[in-house]
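**Q** Sending over a structure as structure tokens; questions will come in a sec.
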Amino acid sequence: MFTALAALQRKYAIAKAEHDSAQERFTSYEAEFLRRLGIEADEHFSIEKDDDFDRACDLFDADPRAVELSEDLDRCAGALKAAENALIEIGLTLAPKGIRETLRKSKSLEIRRRLIDLAYRLDPGTVPTR
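Put into structure tokens, the structure is as follows:
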């Protein structure tokens with residue numbers, strides 16, 4: 588389990604870094620795009636005028652670079668979600684049997700975040716192999 592857990596932790600760290608980087612590239616491009624249109628907003632959802640919002644959305648959706656960045660962000664988000672799910676399964680194995688299924692069925696983002704954090708911070712060398 589030592590190498591498998593370490594590999595999952597590494598996969599999560601890489602996926603998180605790639606997602607954060609893709610998010611930053613997308614956000615930066617979006618702000619730059621809106622400035623070029625003369626709209627004073629950092630992101631589409633903070634545009635107050637409906638006409639400006641509709642125009643910006645239509646132009647942004649048609650922009651090839653925006654589409655490329657959006658697809659890259661979606662790909663990174665999918666990889667991050669898969670890595671998170673793998674860590675959640677590890678975190679669940681550490682919970683007592685009585686509450687394991689309750690935690691697994693939970694839709695709470697806080698529980699999800701805590702399970703990811705628990706499994707990510709776990710030292711693989713302290714986990715007994717079965």
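Take 588 as the starting number for the sequence shown in our numbering and just add one per residue. Glycine included, C-beta positions come from ideal geometry on N, C-alpha and C.
Is the Cβ-Cβ distance between Gln-596 and Cys-663 less than 9 Å?
**A** Within the sequence shown, residue 596 is the residue found at index 9, counting from 1. Within the sequence shown, residue 663 is the residue found at index 76, counting from 1. It is not a contact, given that the beta carbons lie outside the stated cut-off.
**Q** What's the gap between the Cα of Glu-630 and the Cα of Tyr-616?
**A** Mapped onto the sequence shown, residue 630 falls at position 43. Mapped onto the sequence shown, residue 616 falls at position 29. Going by the C-alpha atoms only, they are around 10 Å apart.
**Q** Would you tell me roughly how many angstroms separate the C-alpha atoms of Ala-673 and Phe-640, rounded to the nearest one?
**A** Within the sequence shown, the letter at position 86 stands for residue 673. Within the sequence shown, the letter at position 53 stands for residue 640. Rounded to the nearest whole angstrom, the CA to CA distance from Ala-673 to Phe-640 is 38 Å.
**Q** Pair every Cβ in the stretch 670-690 with every Cβ in the stretch 703-712, then say whether three or more of these pairs are closer than 8 Å.
**A** By the C-beta criterion, the stretch 670-690 is judged to be in contact with the stretch 703-712, since at least 3 inter-stretch pairs fall below 8 Å.
**Q** Let me make sure I understand the geometry here. Which of Ala-618, Ala-604 and Ile-677 has the alpha-carbon closest to that of Ala-628?
**A** Here residue 628 refers to the residue found at position 41 when the sequence shown is read from its first residue. Nearest C-alpha to Ala-628: Ala-618.
**Q** Measure the C-alpha to C-alpha separation of Ala-576 and Arg-612 and round it to an integer number of angstroms.
**A** Nothing about residue 576 can be read from this structure; the chain reaches only from 588 to 717.
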